[in-house]
Amino acid sequence: MIRQNGKSLSAVKLAMQFNRGDLSFSNGLGGSIGLTIPLLLGVLLHHPADGAISSVGALLAGLVAFNGYHRTRLQALAWEAVLMSFMSFCGALLSGNTISFSVFAALCAAVAGMSLTLGPTFSMVVIEAVLQMAISSAFQLDFNQALVRALYVLLGVLLQLVIVMVSWLFAIGKQEFATVSRLLEILAEYCAAVMTEGQPPQPPIFFDYQSVLGDPNPFLRREKLSLIRSLASEAEQLRVNLVAFVNLTRPLCNDPILSDAVNSILVQAHNSLIRAAKSVFWEYKERGLAQEFSMGLDSFSGTLVILESLNTTDRLVVTALLRQLSHIGLEPRTEFPDDMGRLDQKPIREWRPSIRNDLSAAKEVILKNINLESDAFRHSIRLVVAAFISVLVTRETHISRGYWVFLTVIVVLKPDYATTIRRGVERTVGTILGVALAVAVVGGLHLSHYQLIPLIFVLAVGAYWVFRANYAIFVVLLTILVVALLEIAGLGVVVTAKARLADTLLGGFVAIGVYLIWPTWGKSNMYFKMAQLLDAQRVYATELIEVAIGRKGLGDEMNNLLIRARSTRIVAEGALERVSYEPKQQVLGYTKRAQFISSTRLFAGACLSLQAACKSGTTAINADETKVTLEEISRIIDGFYLKFIEELRGSMRHPRADLSLEHLERLSNKVALDLGRGPRRGSLIALSLLEMTDAVRSIEELLSTIPTEG
């Protein structure tokens, strides 16, 4: 949640923010080269209009290159090449007939809306193909001319694809190693937070790093990828053990000696993780790290006291953490078995797309979302209405360059309120400034086609560079760039600039107006995402308790459940943030949203501690009575979470009278006593169960104060 002076930033203020961390000069340079070459080719062959339209296609395709990683990016650009050339052909061919073009534009808008169900990358591909169709409709052509233009567009997009693939040769493994390095930095930040904050911080939150490692650079060798994935797995286990260590030693910190010993270990852990994050790139060669860390630990007089104050089995968690930290930062040959060198040395070639599987999966997802409960379907209907109205009205009223109205509708109208308003503000502000600068620069300097090409290249570099950092600045540069391209295509600068300004304002008005007439507020979607998160945590926790009892093993399935819980948490927290920008959202204000996030993260940390206990063998439970108690705890937690899920989904059909938080806490304390420790000072498993109880209590209190129906 973004806060300023105690209040949530509005969507308008958010639109003005500049995120320096999202600047990307390398992507900007590569995309600009791909944009300039077809333009230069068109001018040299005396087909400047074809070259300009091809550059527009390359410009849009370059934006797709910001999405996905490797295989997904390649697939996206391949689909972009096919769809853009086809849509360019259709736009130029059908633009002469108002009714035909209006119907086709509405159909394209429907597809663009439903493409949201296919993920952000492919959705962007479809939307950009529709934008290409809109721009191509500015030039009415016959069949042969439209075909030639489509081929130019195909060339521009394929050129971007080639440039992206060539760029992979200069960054083999860089993104993958940087991802693992960031995981270690997150753990180091957690250690620092534990030492500096008065209250124990929430567990360290990992981003969706599996998307990066699951889509590696195709030129990355297999042994390197195996190393990277092993490091990520080690970071994941370190995360579990760090959280377990903090939870386990928290009750000991009332003793000054033990507190100093705990902090000493955390200081060493922080330093080791920071150095390891750097040495992941194997530039610092930290060979002496393990010995230095071990010597440091031996010098702590309180370390043995910490171990003596814990159960024999709980000591394994601490020793496992210290053993892991002692190996962080080693060179790969000292960390992995000797047969690593005998792995297949060939580069990875796991990036061939399966068109049949992709189409089949896309069809299945789209069909499931054709209902009024689907945000994508509701968005699709709004887009169809807005697109049909914008095209029909601009055509019948003979508005100059009316395709910009349709284009603006597609760009501005989004499935949620906050993004629609934000994009409308960014588009309007950027266009006004861009038009003024375009008239002054392009119109005032009277540059030739060959002089405009370097200017377009520089503008493209800048536009790509700030694309993710600030969309409004991107629109400013994009407006100047497009006006320059259309000048080469034969359209006047002043006429084009004025038409773009008027049409953008009209398109933004139509988009926002259609959304406000039939809005989709984030409340219902937010509750659904919250329920998904609770369901993932419910399954994860009950399966962990099954492992603790001894009925199941700790295999790959548990890691999959952990990943699912993490991904649903990311989605749920995103939904909670988006609703903060909507009007009349007092139903779940900032404090309550923060309480839900804090509670679910507390529960997640307890699960991590329990998983660490399961992995280290601290759950050697022999007493049948204790196992029965754990079964009852699992049943109650499962029951509470099912109740929460039903409340959030508005389907509370079977009230549970047998659920009691007090009974749950008594059972957790009993487990602590059974395992030889007192309440909240016992074994790691007991501490985990008590934290789960605290999380359940907090969520119960939260949901009892808000109406969640429908």
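With the first letter of the sequence shown counted as 1, position 326 gets the number 369 in our numbering; the numbers rise by one all the way through.
Idealized CB from N, CA, C, for every residue including glycine.
Everything numeric in this text was worked out from a predicted model, so none of it was measured.
Under the three-state reduction of DSSP output, Arg444 falls in the coil class, being neither helix nor strand. In the assembly as shown, Ile300 is an exposed residue. Its beta-carbon has fewer than 16 other beta-carbons within 10 Å. The three-state secondary structure of Arg264, taken from DSSP, is strand. Secondary structure note for Ile413: it is in no alpha helix (DSSP H), with a DSSP letter that is neither H nor E.
In its chain, beyond the 5 residues on either side, Leu78 have a beta carbon closer than 6 angstroms to the beta carbon of Leu102. Taking C-beta atoms as the reference points, Glu734 and Gly648 count as a pair closer than 8 angstroms. Distance from the CA atom of Ile442 to the CA atom of Leu198, rounded to whole angstroms, is 32 angstroms. Less than 8 angstroms separates the beta-carbon of Pro458 from that of Leu159.
Excluding the 5 residues flanking it on each side, Ile248 has no same chain C-beta neighbour closer than 6 angstroms. Leu480 sits close to Val519, with the two beta carbons spaced by under 8 angstroms. Within the same chain, Cβ atoms closer than 7 angstroms to the Cβ of Val237 are found at Pro243, Pro244, Val289, Leu309, the five residues on either side in sequence being excluded.
Looking only at Leu274, Glu439, Ser352, the smallest Cα-Cα distance to Ala319 is reached by Leu274. DSSP places Val323 in the coil class of the three-state scheme, outside both helix and strand. DSSP places Asn290 within a helical segment (H, G or I) once states are collapsed to three.
The way I'd put it, the stretch 75–89 does touch the stretch 499–515; three or more beta-carbon pairs between them come closer than 8 angstroms. The stretch 123–132 makes contact with the stretch 157–177, as at least three CB pairs between them are under 8 angstroms. Where Gly486 is concerned, there is no enclosing alpha helix (DSSP H), because DSSP gives it neither an H nor an E.
In the DSSP assignment, Ala101 falls within the alpha helix (DSSP H) that extends over 91–107. Within the same chain, Cβ atoms closer than 7 angstroms to the Cβ of Ala155 are found at Val169, Ile170, Val173, Leu426, Ile453, the five residues on either side in sequence being excluded.
Between His313 and Leu291, the alpha-carbon positions lie close to 18 angstroms from each other. Of the residues Val525, Ser417, Ile688, Ala608, the one whose Cα lies closest to the Cα of Ala584 is Ala608. 8 angstroms or more divides the Cβ of Gly550 from the Cβ of Tyr460. In the three-state reduction of the DSSP assignment, Ser433 falls in the helix class. Straight-line measurement puts the Cα of Leu126 at about 22 angstroms from the Cα of Phe420. Around the beta-carbon of Gly632, fewer than 16 other beta-carbon atoms lie within 10 Å, marking it exposed. Excluding the 5 residues flanking it on each side, Met157 has same chain C-beta neighbours closer than 6 angstroms at Ile409, Ala419, Ser423, in chain order. A residue is called buried once 16 or more other Cβ atoms fall within 10 Å of its Cβ, and Glu123 is buried on that count. No residue range can be given for Pro259, since it is assigned to no alpha helix (DSSP H) and is classified by DSSP as neither H nor E. Contact check between the stretch 554–573 and the stretch 513–529: fewer than three CB pairs, one atom from each, fall below 8 angstroms, which does not count as touching.
Contact check for Ser652 against Val286 passes: the beta carbons are separated by less than 8 angstroms.
Scanning its chain for C-beta atoms nearer than 6 angstroms, with the 5 sequence neighbours on each side dropped, one finds around Ser731 the residues Ala649, Ser652, Leu653, in chain order.
Residue environment for Ala618: buried (at least 16 other C-beta atoms within 10 angstroms of its C-beta). Around the beta carbon of His113, 16 or more other beta carbons sit within 10 angstroms, so the residue counts as buried. Within the same chain, and ignoring the five residues on either side of Ala92 in sequence, the residues whose Cβ sits closer than 7 angstroms to its Cβ are Phe182, Ala532, Gly533. The stretch 200–209 makes no contact with the stretch 137–151: fewer than 3 CB pairs, one atom from each, lie closer than 8 angstroms.
With fewer than 16 neighbouring CB atoms inside 10 Å of its own CB, Asp185 falls in the exposed class.
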